[in-house]
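In this note's numbering, the protein residues as written are 2 to 517.
Glycine included, every Cβ here is placed at the ideal spot set by N, Cα and C.
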């Protein structure tokens, strides 16, 4: 079964190789052609060498094509996967640092909030270019699998304007499902329902999660016929690790009644309640890991990871290659979807698709994350029905922000972009309208090189900022590093713990961290 899979943004450190390995676990895919493309020839070459080494070490007939010519990579592809980070670390830094001057303290900044909305402005224009190439040179009916954030806005733009079959993929549901499994396991042992040495797998806990990406809610959690939803708050508060690391998620669970799929740091910046007062942020986060709420935490680990990878690459090549016989397949959806569509083996997961009555109390057309089934007939998404009202209210606010942000990115509409910022839950809780207007102009001007659709608008934004200074109407900005920001380690500092640095670099980088 010979297929071609194009990977855009393939210069990512760990994600490209992880997806390739996952696919090569499928016996029928042993002779797959992987077309890797990236705008950074250096990063692409390093990743391609690692991928080629893994293929050769396992004696597989799979082929690697490595090219900076995107259309060449996409030509005759059966599947196209995007994992790009448009603007790379330079733009990411601006997504975090500029809002911070206005009091908007983000942990990640890749979904909504000020950083996520600007991330969409950079990414959507690029993704629509990918869609054009897929329409013109990929195989008819090629599926576009988007891993690039902000997931909902990107997938929405591709679904509405891209003209190709698009599905958005994230691993947030799997991660939270494992957490729920662990707290049930602990409780079941205490109740004598499991032996002390028994270990639950998440397959044994039946769940339905529904909502928006990074804001999806577990509306069903059953174990051995027991409805575990009413017990979850108590179980999470009793867990020795999660009660410290997931304070926001537990508080939301107690007040709304449903557990959110996304991490403490992520969730804290999508809501108006936990990061709006700088002196309260530390109450809700945990600094044992960036993902628990550290200011600019994901930017820090991505920066450290990229710097370490580029320095340490020769040592990566000396490490033992991937072993198909002893290593394990990850839980990323991509390989299982392709396997199901090619072989007919059924796969169930939670995917991001356009809402066509699937969640009946969220807007049609928005991108929802819901359970789906894949086989040779394609991707089949059942109707979930209504979300609980409080969950729907939270998601509805985000969906409208996403809609405005998406449409602004497609059309280069500054007014709509500012209205998206104004209606964002956390930005609106922190900033007054004039601060929102000037912050958005600041971000447009600073990120001009990655925003071709705003080319005619950015000079006007620059003039407005200059005029505000001249007239004395420039809003006062804050000199701060944030409520909980850690030092970004140098390569020399990371070298003191090389094994940990290598592991972090491999795990942290999901997207292409080079300028688009």
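7 Å CB neighbourhood of residue i in its chain, flanking five on each side removed
i	result
residue 229	185, 222 and 223
residue 314	47
residue 484	106, 279, 282, 283 and 296
residue 304	90 and 489
residue 136	164 and 165
residue 310	14 and 506
residue 29	2, 343 and 344
residue 413	454, 455 and 458
Own chain partners of residue i with C-beta closer than 6 Å, once the 5 adjacent residues on each side are dropped
i	result
residue 462	442, 445 and 446
residue 439	476
residue 55	322 and 323
residue 348	337, 341 and 375
residue 432	103
residue 267	109 and 215
residue 20	335
residue 391	257
Distance, residue j Cα to residue i Cα
i	j	result
residue 499	residue 306	11 Å
residue 285	residue 277	11 Å
residue 52	residue 160	31 Å
residue 330	residue 468	57 Å
residue 455	residue 94	20 Å
residue 516	residue 489	The pLDDT assigned to residue 516 is 31, lower than 50, so where the model puts this residue is not dependable, and the model offers no usable value.
residue 410	residue 464	21 Å
residue 190	residue 196	6 Å
residue 178	residue 459	44 Å
residue 481	residue 299	18 Å
residue 290	residue 140	43 Å
residue 401	residue 143	30 Å
residue 437	residue 88	22 Å
residue 200	residue 263	24 Å
residue 521	residue 77	No statement about residue 521 is possible, as the shown extent of the chain runs from 2 to 517 and does not include it.
residue 82	residue 157	16 Å
residue 246	residue 36	40 Å
residue 208	residue 501	34 Å
residue 457	residue 240	54 Å
residue 100	residue 225	47 Å
residue 372	residue 162	24 Å
residue 328	residue 23	10 Å
Residue i, buried or exposed, once every other Cβ within 10 Å from all chains shown has been counted against 16
i	result
residue 15	buried
residue 255	exposed
residue 74	buried
residue 435	exposed
residue 202	exposed
residue 448	buried
residue 65	buried
residue 471	exposed
residue 134	buried
residue 318	exposed
residue 242	exposed
residue 358	exposed
residue 18	buried
residue 381	exposed
residue 504	exposed
residue 85	buried
residue 152	buried
residue 287	buried
residue 356	buried
residue 316	exposed
residue 302	buried
residue 326	exposed
residue 394	exposed
residue 60	exposed
residue 79	buried
Cut-off 8 Å between Cβ atoms - residues of its own chain near residue i, not counting five sequence neighbours on either side
i	result
residue 3	32, 33 and 34
residue 388	211, 212, 218, 220, 360, 362, 363 and 396
Any non-hydrogen atom of the ligand SAH within 8 Å of residue i CB
i	result
residue 455	As for the ligand SAH, it is missing from this structure, which has no ligand bound.
The stretch 410-429 in contact with the stretch 96-115 per 3-pair CB rule at 8 Å: yes
3 or more residues per run - each beta strand (DSSP E) lying fully within the stretch 211-288: 216-224
field: At least three beta-carbon pairs within less than 8 Å, the stretch 404-418 to the stretch 262-279
entry: no
Within the stretch 153-199, ranges of the beta strand (DSSP E) (whole runs, at least 3 residues): For the stretch 153-199, whole beta strand (DSSP E) runs of length 3 or above, ordered along the chain, are 166-169.
query: Hey, which unbroken runs of the alpha helix (DSSP H) at 4 residues or more fall wholly within the stretch 375-416?
result: 390-412
task: Would you check if there are 3 or more beta carbon pairs closer than 8 Å linking the stretch 170-177 to the stretch 116-132?
output: Segments in contact, no.
task: Starting from the N-terminal side, write out each stretch of the alpha helix (DSSP H) that is 4 residues or longer and does not extend beyond the stretch 423-466.
output: 426-431 and 434-447
Ranges of the beta strand (DSSP E) found wholly within the stretch 9-52, counting only runs of at least 3: 34-38
task: Please go through the stretch 470-507 and give each complete alpha helix (DSSP H) segment of 4 or more residues, from N-terminal end onward.
output: 492-495
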